[in-house]
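Structure, as structure tokens:
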Amino acid sequence: MPSRKILLVGAGALTLLVVLVVLVARGGGGPSFKVERGDGAEFPLRGSLADDGDAIDDALQAWKDGRGSAADSTAARISSQDVHLLYAEKIGDRSVVVVRQGDRLIAMDEPFDRGWYVEAAEEGFDPFDGSPAKIGDAVLLPNGDWTYLPLRDRGDRPRTVDGLVSPDSAYGGLEPGFVVEGRLPSREKVTKVYDTEVGLFRVDAGTRRAIADASLRPGALLAIHAALASDQDERIGPRGLRSFEVLWTGRLAGVPRAAVVARQYPDRLGLGLVRDPDGLVSSAASLDLGSRAGALGTRRQPGSVGAAYVSGDDGPRTVVAAGTAGVERLEFLVGTRRFTRAGPVAVVPVDWDPLTTDAVVVGRTRGGAVIAPRVAPAR
Numbered sequence: 082m083p084s085r086k087i088l089l090v091g092a093g094a095l096t097l098l099v100v101l102v103v104l105v106a107r108g109g110g111g112p113s114f115k116v117e118r119g120d121g122a123e124f125p126l127r128g129s130l131a132d133d134g135d136a137i138d139d140a141l142q143a144w145k146d147g148r149g150s151a152a153d154s155t156a157a158r159i160s161s162q163d164v165h166l167l168y169a170e171k172i173g174d175r176s177v178v179v180v181r182q183g184d185r186l187i188a189m190d191e192p193f194d195r196g197w198y199v200e201a202a203e204e205g206f207d208p209f210d211g212s213p214a215k216i217g218d219a220v221l222l223p224n225g226d227w228t229y230l231p232l233r234d235r236g237d238r239p240r241t242v243d244g245l246v247s248p249d250s251a252y253g254g255l256e257p258g259f260v261v262e263g264r265l266p267s268r269e270k271v272t273k274v275y276d277t278e279v280g281l282f283r284v285d286a287g288t289r290r291a292i293a294d295a296s297l298r299p300g301a302l303l304a305i306h307a308a309l310a311s312d313q314d315e316r317i318g319p320r321g322l323r324s325f326e327v328l329w330t331g332r333l334a335g336v337p338r339a340a341v342v343a344r345q346y347p348d349r350l351g352l353g354l355v356r357d358p359d360g361l362v363s364s365a366a367s368l369d370l371g372s373r374a375g376a377l378g379t380r381r382q383p384g385s386v387g388a389a390y391v392s393g394d395d396g397p398r399t400v401v402a403a404g405t406a407g408v409e410r411l412e413f414l415v416g417t418r419r420f421t422r423a424g425p426v427a428v429v430p431v432d433w434d435p436l437t438t439d440a441v442v443v444g445r446t447r448g449g450a451v452i453a454p455r456v457a458p459a460r
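Residue numbers (the working numbering): 82 to 460.
Structure representation (structure tokens):
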């Protein structure tokens, strides 16, 4: 029978072993993983700190240790999957490291050389679809020529440093905007446009030029964004890349900046209104001109038609009507009157009483066929 002394020594060793196991589990930061440099052709490793092993190790250790409030999110969880190092750079007064594990992006920051922490983590990242990816107050760009256009130019535009759009300051924010691919395309070329709040779209040369022109006029780009935004957005894979078309930009009575956009997924004719070009992004208004077929409409029609009143302080002042490809003209039926306007967008002053007079807008094809209007969903 073993002595009491031996039993005590054995128990002490067991206790020490348990303590060591707990310390390794906590200090090691969970599962171990292999670190790869870059992630294919779309997201190669970029940044001036890409070869700074100490900075990268310190950033990864902050993630393992769970430093920062974002480290508690589901997207920041650590697994044994390979980690792809995508970005490591000094931007302004902070250092930034971005990695991918699975479909998750994790960004670590070190402001003012005072220690690393997990700044942001996002799920749903696909390194092969060629889409920019928003992570916290930054946008990671795929390889290629991309330009960031803020919805409002406040004079402190974030910098694009070797593939990352980011504010200079550790405590700065990213102004919502469009990230556009390449230079202005030829007439036939299709390019990509990424709205930092809505997602990735495919656009033709006309819309790409409309976006570039709007970026030069305060409030105009914000109007396009408001017209594009929808509370029914769906995540579409690369084979189902959404598209949109800017049908019109201009002014309305009491509204210095307005835009009409036709988009897919969900199908929608949207009107964006900016009453204060220097106001907040949240101050822009979005109207649904039509997003679903009415009782007498069919989805087999060659185009879409929608219309809405735009009100001022004294009630409805304007009707904005729009039609997509296939609609040659817009026909207005107001009380006993009938008149037409050329498409794709018509702006008609309201010279009737909307409380006592009904108005209907339908489309006409080149051959004269009627296209029933779409209607906005009930609020």
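Every residue, glycine too, gets a C-beta built ideally from N, C-alpha and C. Remember, it's a predicted structure, so these values are computed and weren't measured experimentally.
So, under 8 Å CB-CB, residue i and residue j are touching, yes? Tell me the CB distance rounded to an integer number of Å.
i      : j      : result
Leu297 : Val342 : With 8 Å as the limit, Leu297 and Val342 do not qualify as a contact, their Cβ atoms being about 18 Å apart.
Glu278 : Pro257 : 5 Å
Leu391 : Leu333 : Residue identity check: residue 391 is Val in the sequence provided, not Leu. The Cβ separation is near 6 Å, so the contact holds.
Arg373 : Arg455 : 6 Å
Glu170 : Leu186 : About 15 Å; that fails the 8 Å criterion.
Arg338 : Pro358 : 6 Å
Ser212 : Tyr275 : 6 Å
Ser161 : Pro112 : 4 Å
Residue i: buried (16+ other C-beta within 10 angstroms of its C-beta) or exposed?
i      : result
Leu436 : exposed
Leu232 : buried
Ala291 : buried
Thr330 : buried
Gly449 : exposed
Val442 : buried
Asp190 : buried
Ala376 : exposed
Lys115 : exposed
Asp218 : buried
Arg235 : exposed
Gly378 : buried
Ser360 : Note that residue 360 corresponds to Gly in the displayed sequence, not to Ser. Exposed, because fewer than 16 other Cβ atoms sit within 10 Å of the Cβ of Gly360.
Ile452 : buried
Ala118 : Contrary to the premise, residue 118 reads as Arg rather than Ala in this sequence. Exposed.
Gly205 : exposed
Leu245 : buried
Arg445 : buried
Leu328 : buried
Arg349 : buried
Pro458 : exposed
Gly325 : Note that residue 325 corresponds to Phe in the displayed sequence, not to Gly. It counts as buried.
Ala406 : exposed
Thr288 : buried
Leu89  : Residue placement at Leu89 cannot be trusted, given a pLDDT of 33 that sits under 50; what the coordinates show is reported in the next sentence. So Leu89 counts as exposed.
Leu222 : buried
Gly149 : buried
Check whether the Cβ atoms of residue i and residue j lie closer than 8 Å to each other.
i      : j      : result
Gly416 : Thr438 : yes
Val220 : Ala143 : no
Arg419 : Val429 : no
Ser176 : Ala136 : yes
Ala440 : Val400 : yes
Ala307 : Leu354 : yes
Val431 : Arg410 : no
Lys270 : Ala295 : no
Ala365 : Ala304 : yes
Arg264 : Lys273 : no
Val467 : Leu302 : The first residue shown for the chain is 82 and the last is 460, placing residue 467 beyond what the model contains.
Arg240 : Ile159 : no
Gly128 : Asp243 : yes
Ala151 : Ala201 : yes
Gly280 : Ser311 : no
Arg132 : Pro208 : For the sequence presented, residue 132 should be read as Asp rather than Arg. No, the Cβ-Cβ distance between Asp132 and Pro208 is not below 8 Å.
Gly384 : Arg356 : no
For the segment 114–125 against the segment 159–173, are there 3 or more C-beta pairs whose distance is under 8 Å? Contact between the segment 114–125 and the segment 159–173 is present: three or more C-beta pairs spanning the two stretches fall below 8 Å.
Segment contact, 8 Å Cβ cut-off, at least three pairs: the segment 180–189 with the segment 246–258: The segment 180–189 is not in contact with the segment 246–258.
Could you tell me which whole beta strand (DSSP E) segments of length 3 or greater appear in the segment 324–382? Assignment of beta strand (DSSP E) within the segment 324–382, counting only whole runs of 3 or more residues, yields 325–333, 336–344, 349–355 and 366–371 in chain order.
Runs of beta strand (DSSP E) wholly within the segment 386–452 (minimum 3 residues, chain order): Along the segment 386–452, the beta strand (DSSP E) occurs as fully enclosed runs of 3 or more residues at 386–393, 396–404, 410–415, 418–423, 426–430 and 440–445, listed in sequence order.
Enumerate, from N- to C-terminal direction, the unbroken alpha helix (DSSP H) stretches of 4 or more residues contained entirely within the segment 222–298. Taking 4 residues as the minimum length, the alpha helix (DSSP H) runs contained wholly in the segment 222–298 are 286–295, in order along the chain.
Give, in chain order, every unbroken run of the beta strand (DSSP E) that is at least 3 residues long and sits entirely within the segment 157–220. Taken in chain order, the whole beta strand (DSSP E) runs of length 3 or more contained in the segment 157–220 are 164–172, 175–182, 185–192, 198–204 and 214–216.
Please specify which runs of the alpha helix (DSSP H), each continuous and at least 4 residues long, are wholly inside the segment 113–139, giving them in chain order. Runs found: none.
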